[in-house]
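First comes the structure, then the notes that go with it.
There are 2 protein chains.
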Amino acid sequence: MQFKVSKEFIEQVTGLIESKKSHELELLLNDLHHADIAEILDELEFDEATYIFKILDSEKTAEILLELDDDLRENILSRLSSKEIAEELDELETNDAADIIAELSQQKKEEVISELQDVEHAKDIVDLLRYDEDTAGGIMHKELVKVNENWNVLTCVKEMRIQAENISRVHSIYVVDDEERLKGRLSLKDLLTTSTKTPIKDIYITKLNFAKVDDEDVEVARIMQKYDLEAIPVVDELGRLVGRITIDDILDVIKDEADKDYQLAAGISQDVEADDSILELTRARLPWLVLALLGGFVTVSVLQLFEGAMAEHGKLFFFTPLIAAMAGNVGVQSSAIIVQGLANNTLSGSIINRLLKEISLSLLSGIILASILFIGGHFLLNLEFVEGMIVSVALISVIIIASLIGTFIPLLLNKFGIDPALATGPFITTSNDICGILIYFSIAKFVLGF
Amino acid sequence: MQFKVSKEFIEQVTGLIESKKSHELELLLNDLHHADIAEILDELEFDEATYIFKILDSEKTAEILLELDDDLRENILSRLSSKEIAEELDELETNDAADIIAELSQQKKEEVISELQDVEHAKDIVDLLRYDEDTAGGIMHKELVKVNENWNVLTCVKEMRIQAENISRVHSIYVVDDEERLKGRLSLKDLLTTSTKTPIKDIYITKLNFAKVDDEDVEVARIMQKYDLEAIPVVDELGRLVGRITIDDILDVIKDEADKDYQLAAGISQDVEADDSILELTRARLPWLVLALLGGFVTVSVLQLFEGAMAEHGKLFFFTPLIAAMAGNVGVQSSAIIVQGLANNTLSGSIINRLLKEISLSLLSGIILASILFIGGHFLLNLEFVEGMIVSVALISVIIIASLIGTFIPLLLNKFGIDPALATGPFITTSNDICGILIYFSIAKFVLGF
């Protein structure tokens, strides 16, 4: 039952575009879900995509617009007049419309807003534009059902019918006072089983979760997940009900947050996709690589300090990449566990306890790995006893230090309100490379006295 | 309005437990959301948590059970009799109950099932137990509203009222035939605006998305996100309606999937948390570390091949960690972008094109980084011209090869149906370390002829 964009279907579409059979094309596409059409457009050349976009009606294209790749959307918007864009936006929910407007240039933004037909809708959109995109205000929409606490059930039901018209999913009915301040919510059941003359005041539920406009979006996501909420009302600084966030908005927040952490761990500093331009990708990848390179300079300098060992104990230098790699891997593991623990709010206990646990943990792994290294080194790499001991003891020490660094740095960043995910990836591997090599050669120098 | 578990509150609770003031404790906790109580229990000693668990009523404790840390839940369940566990499960939705039963030992499982009071509920739970947890069947629940296509609107409304009693969120009304096969869905609006004698057959919508019991859970998540669905019906092999998946079930799937990818990228092979035991954490971390260590053996062997360079060109060995680190970082970046592209279904174009793009991309970064290395090497690390050239050219080559490996391996794994996320982290860094060092010294050998 699910539609799959096949090669044949794409060919059929491009064929119809070439022969300008716009009516047949419309018939073919009109049956599809807007998300599927967006998927097709993403596969086409830009001119073809624009052609299709222009023959479909605005109710459909508005929804398609939301699903397109950023680049294609930008491209298509640049070909539409302000009036045409405004027509699309009139069809969209307030927050989706605001998101699209936010992508436009300042001048175009104003033109589009002035072309919006539905004044109430326009007001709501403009209202949403003023919130930071990472806050509850930035992800909420204005579509909701609210009733006044002074109404009775009958007025309430009538009003609800009118309001619910434009809302795809009602979820909850919110109760406000004359000043629009959020007072509580109404259960549909109570509403239907109470006499029509009962004042709303007597039946509404005062206990409810809400978010403030400037709450962080990830915090709202956490609350909605924790309390299993499908929607949450948003209030402004004066406690007035200004919007609502639904679970599908939160889905995006959670996915974005996970993607961001993943990218940071991989040393990618901006939100990029494989299909972005080479320039965009380079801009996202180069900063961490430069940092890693500078870290590399430090490892070279550290090794230069121990140049004296080269004549007699040159073999030691064969092990630097091994030691550095182990330090890096251990550090990344430790930091990832802390970053996830912080994100999921599952860390308990003090920093000291956490570090003590990490020491036992890395001591255990360290001894196992060092034994493998000692035995393997002897049989596979012709290491003598003293050399084997040096490398093995160094490995244990390096693993302990690396895991402590990996644990401590994200906790420290978090204490100072910096995203701990920054500490994973190149940052940890680079600093652990340096520490690891320094420890390794210091031990060797201590034992061998070069 | 959100409740925060404060230190003072925990102290108040432990104080009441010590003085056995169970009634006051009940009053204090009864007002709280079950998710908050679970958070409090997670902070307490095991005996204290059990004490609280026993004084609250089963409607509340059943929900709390779901929110607890795995370890604490296991502990508490081990202290409850089969009859007591069955009482908890009678309060839960079918899929939540099945999840808890799945955690029990085989013998306890059977005992608990035989103690379930509600026969229909028990049947549903047993039914759910047979599905693999990573499939649509494994995450669906049996609670849904369904009507027969042969009924008329009046019968339908009556039946719906009965069915909806046990369901927290209706979302959709599904239509089945006499054989329970899914035929379509009903809009509440149509139901309310049609004459009561109209047969359901005439008004239901046949077009709807559904999942099959053995569809992968991540695939269902993708479909629900794409089409913005709040619920999706699940059918068995014969097309019979057997369950429903709602958006909050999908939220867990998405989070778990993101967590898993993140952990794989960090070289953690099982789902662990910071608060797990040292043994569990070691089991999750050691495998990749052993692999990295074996990779380290290979780097040592590779370096031994070039031992001849040590006497005259010992300086070259100072740069191995730098080259290895750059290769690792570039490889992780490339693979992460591919893994995300595959997960989000945003990759287009052929593998060849993808690799060609990666070459241009890495050539650009490579030249910039090599220039920094050449100039920095000259001024900061006293590199001579030839040495500087060798290191810089090696860096460019290594970056290109590393990014090709990082791009190709996840694509290859994906082609063979293996999770591409496996290719990130230690796997990529280790293989890139080896290749990087090999390329570097080969170039040096070619130029210097040692």
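If you read the sequences in order, they're chains A and B.
Per the working numbering, residue 1 is the first one in the first sequence, and the count goes up by one each step.
Per the working numbering, residue 1001 is the first one in the second sequence, and the count goes up by one each step.
Note that the Cβ used here is the ideal one computed from N, Cα and C, for glycine as well.
Asked	Found
Report buried or exposed for A:E179, applying the criterion of at least 16 other Cβ atoms within 10 angstroms of its Cβ.	exposed
Jot down the residue ranges of each uninterrupted beta strand (DSSP E) in the region 1157-1233 of chain B, minimum 3 residues, whole runs only, in chain order.	1173-1176, 1182-1186
Does any residue of chain A have a CB that is nearer than 8 Å to the CB of B:I1338?	yes
Taking the C-alpha atoms as reference points, what is the distance between A:D36 and A:I64?	9 Å
In the DSSP output, which residue or residues are listed as bridge partners for B:R1244?	B:H1141, B:P1233
Helix, strand or coil: how does DSSP classify A:V147 here?	strand
Taking 7 Å as the limit between beta carbons, can you name the residues of its chain near A:L422, skipping five residues before and five after?	L264, L413
With a threshold of 16 other CB atoms inside 10 Å of the CB of B:L1395, please say whether the residue is buried or exposed.	buried
What are the partner residues of A:T135, as DSSP defines its beta bridges?	A:E216
Out of curiosity, what's the CA-to-CA distance linking B:D1190 and A:C156?	22 Å
Output, in chain order, the set of chain A residues within a Cβ distance shorter than 7 Å of B:I1162.	Chain A residues near B:I1162: none, gap ~15 Å exceeds 7 Å.
Is DSSP giving A:N152 helix, strand or coil here?	strand
Please determine, among A:V153, A:L104, A:H313, the residue with the shortest C-alpha to C-alpha distance to A:L129.	A:L104
For B:R1285, report the span of its alpha helix (DSSP H) as first-last.	1278-1305
Helix, strand or coil: which one does DSSP assign to A:V5?	coil
What is the DSSP secondary structure of B:D1090, reduced to helix, strand or coil?	helix
Based on Cα-Cα distance, which residue from B:I1405, B:S1277, B:E1091 lies nearest to A:S360?	B:S1277
Starting from A:S365, find everything on chain B with Cβ-Cβ shorter than 8 Å and list it in chain order.	T1282, R1285, L1286, L1289
Is there at least one Cβ from chain A nearer than 8 Å to B:H1033's Cβ?	yes
Which chain A residues are close to B:K1226, counting only those with a beta carbon under 7 Å from its beta carbon?	A35
Ends of the alpha helix (DSSP H) at A:E63?	58-67
Starting from the beta carbon of A:P426, find every residue of chain B whose beta carbon is closer than 7 Å, and list them in chain order.	N1329
Do you know how far the Cα of A:D217 is from the Cα of A:F9?	39 Å
In angstroms with no decimal places, state the Cα-to-Cα distance between B:V1234 and B:L1080.	34 Å
For B:I1268, does the three-state DSSP call read helix, strand or coil?	coil
So the candidates are B:K1226, B:A1221, B:I1409; which of them puts its Cα closest to the Cα of B:D1134?	B:A1221
With DSSP as the reference, label B:S1431 as helix, strand or coil.	helix
For my contact list, A:S365 and B:T1282 are in at a C-beta cut-off of 8 Å; report their separation, rounded to the angstrom.	6 Å
Using beta carbons (cut-off 8 Å, strictly below), is A:Q263 in contact with chain B?	yes
Looking at chain B, is there any beta carbon in it that lies within less than 8 Å of the beta carbon of A:I439?	no
How is A:G349 classed by DSSP in three states: helix, strand or coil?	coil
Got a sec? Which residues, its chain only, sit under 6 Å from A:L144 by beta carbon, not counting five neighbours each side?	R244
At the 8 Å Cβ level, is B:V1213 part of the contact set with chain A, yes or no?	no
Classify B:N1095 as helix, strand or coil using the three-state DSSP reduction.	helix
Give, in chain order, every unbroken run of the alpha helix (DSSP H) that is at least 4 residues long and sits entirely within the region 9-52 of chain A.	22-30, 34-43
Less than 8 Å between CB atoms is the rule here; does B:M1001 satisfy it with respect to chain A?	Residue confidence for B:M1001 is low, a pLDDT of 47 falling below 50, so the modelled location carries little weight; the figure read from the coordinates is stated next. So yes, B:M1001 belongs to the interface.
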